[in-house]
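This note's numbering puts the sequence shown at residues 6 to 453.
Built from N, CA and C at the ideal position, the CB exists for glycine as well.
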Amino acid sequence: MAPKAPKKPKTQQTPVERFLYPFQEFLRQETSSGIILLACTIIALAWANSPLADAYNDLWHTKLTFGFGSFTLSKALILWINDGLMAVFFFVVGLEIKREVQTGELASQRQATLPIVAALGGMLLPALIYALFNFNGSGASGWGIPMATDIAFALGVLALLGKRAPLSLKIFLTALAIVDDLGAVLVIALFYTAEIAWINLAIAAGLIVLLLIVNRLGVRNPLVYAILGIGLWLAFLKSGVHATIAGVLLAMTIPSKARIDGREFVAFSRSVLNDFEKNCQPEQVISSEPQQAALQALETAVEHIQPPLQRLEHGLHPWVAFFIMPIFALANAGVSLGGEFAAAATQPISLGIAAGLIFGKQIGITLFVWLATKLKIADLPNDVSWRHIYGASWLAGIGFTMSLFIAGLAFGESENLVIAKVGILMASLIAGVVGWLILRTAPQPESA
């Protein structure tokens, strides 16, 4: 996990800043995104089971049309969320994957082996268990649903444990979830694709080549990538391949190297700050022209030392965590808990999902990690015990938003989607609570 940021210089707060400070502090907490996601889920369930249930369904199926000239695109609001906003989510996932592969936990073979092996176990066994429940049934296409992990919820629960969860466990679970996300992307691209429109797919391929050329030419303006990215999204939308894949592919083309060397940046910054200090005057109200020149030079250097990949990931992450995912949960988590709930909970689809997320995840992850250590191809992280691994494997069973997303692809608007949502909600709740209890009772790391 990232080290703590240095303290900001003291400034005189305005009344507005003082008012916003408690909210900003809440949003900085590790658990805040999970809390907001949970709140939106509860609101969706309460709304869908209230006298305003029809209004809930009508709202998300309201048609919205965007267009320019003769081109128009009309979709229900829920599809704008699932196809449009979720493409931004997958774009950020793609940025995280690229960063982890280049400089993070997946950068070296030895470091990457354990989370990759764990993720494979956590995907294969849940899919197999689901298939056993739904072999040749109407829900056979839903085998990808229990393969997913909701990283926001899983890490949110882990954050609730404070120092009882060692830092290395958080890193392991994060890397596992990122590999899991990559697996979900591949499953969506390969197995949840409608009839392909090859001309549109060829246009998408051409845009990817153009994006790679733009990267190679050293273009770093985010607007260029945004314009080409929107074109890529539209091409995928019309191709039959799910449009969210455009987000991941776009992320792979974003430049990830800084324009200047770190040592050069430090030396230049010191020189510029010295120039700024030389021009400081007692009781100065506004900066002088030499100081302004120094500040502008420093701003340019700061921009050049930050790769576009990291700037975009840092800038978009709050929007994904605090807007896109909560809106997705609000739109997709509303399930009627009336008399039909019990019937839905005993259907092969919901049972397969629940068994896959609850049993498949814990057994698959723990078993594959055990095999990796026995075969000496990986080691447990420092301060991480087998109890920690087992508890984390339960948390990986919180499929929630990712499972809901794949369920929508597998079943569309059919009755099977409602049944799948019941299984996802039940399993995610059980997995989160049991995982927290297991880790809560684990011995606290000596180094904590």
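My assumption, with CB atoms under 8 angstroms, is that residue i sits in contact with residue j. Please give the rounded CB distance.
i: Arg268; j: Arg445; result: Actually they do not touch by this definition, with Cβ atoms about 45 angstroms apart.
i: Asp384; j: Pro171; result: Wrong, their Cβ atoms sit about 15 angstroms apart, outside the cutoff.
i: Leu300; j: Phe281; result: 7 angstroms
i: His247; j: Ile193; result: 5 angstroms
i: Leu82; j: Leu64; result: 7 angstroms
i: Ala92; j: Ala251; result: 6 angstroms
i: Gly245; j: Ala202; result: 5 angstroms
i: Asn54; j: Ser355; result: At roughly 17 angstroms, the Cβ-Cβ gap does not stay under 8 angstroms, so Asn54 and Ser355 are not in contact.
i: Ala132; j: Gly361; result: 7 angstroms
i: Ala124; j: Gly339; result: Not confirmed; about 30 angstroms, so no contact.
i: Leu130; j: Ile368; result: 6 angstroms
i: Gly127; j: Ala425; result: That pair is no contact at about 19 angstroms.
On the criterion of 16 or more Cβ atoms from any shown chain inside 10 Å, does residue i qualify as buried, or is it exposed?
i: Glu200; result: exposed
i: Asp155; result: buried
i: Phe71; result: exposed
i: Ile204; result: exposed
i: Ala436; result: buried
i: Lys366; result: buried
i: Ser75; result: exposed
i: Asn139; result: buried
i: Arg104; result: buried
i: Val277; result: buried
i: His393; result: buried
i: Ser79; result: exposed
i: Asp266; result: exposed
i: Thr77; result: exposed
Going by the DSSP bridge assignment, what does residue i pair with across the sheet?
i: Phe76; result: Phe73
i: Ala81; result: Lys68
I need the straight-line Cα distance from residue i to residue j, nearest angstrom please.
i: Lys262; j: Ala272; result: 19 angstroms
i: Arg264; j: Leu212; result: 25 angstroms
i: Ala60; j: Gly343; result: 17 angstroms
i: Leu216; j: Thr198; result: 23 angstroms
i: Ala210; j: Phe416; result: 28 angstroms
i: Pro8; j: Tyr135; result: Residue confidence is low: Pro8 scores 46 on pLDDT, short of 50, so the model does not pin down where it sits. No coordinate-derived value is stated.
i: Leu422; j: Arg225; result: 42 angstroms
i: Ile370; j: Ile358; result: 16 angstroms
i: Gly99; j: Leu255; result: 8 angstroms
i: Ser274; j: Glu304; result: 10 angstroms
i: Asn62; j: Ser419; result: 14 angstroms
i: Lys243; j: Asn337; result: 23 angstroms
i: Thr351; j: Asn87; result: 27 angstroms
i: Val1; j: Thr249; result: No answer is possible for residue 1: the residues shown for the chain start at 6 and end at 453.
i: Val307; j: Thr258; result: 22 angstroms
i: Ile41; j: Trp238; result: 28 angstroms
i: Pro151; j: Gln297; result: 56 angstroms
i: Asn284; j: Ala302; result: 15 angstroms
The region 152-160 touching the region 181-188, judged by at least three CB pairs closer than 8 angstroms
yes
So, do the region 399-415 and the region 333-352 have three or more beta carbon pairs nearer to each other than 8 angstroms?
Yes: the two stretches touch, three or more of their Cβ pairs being nearer than 8 angstroms.
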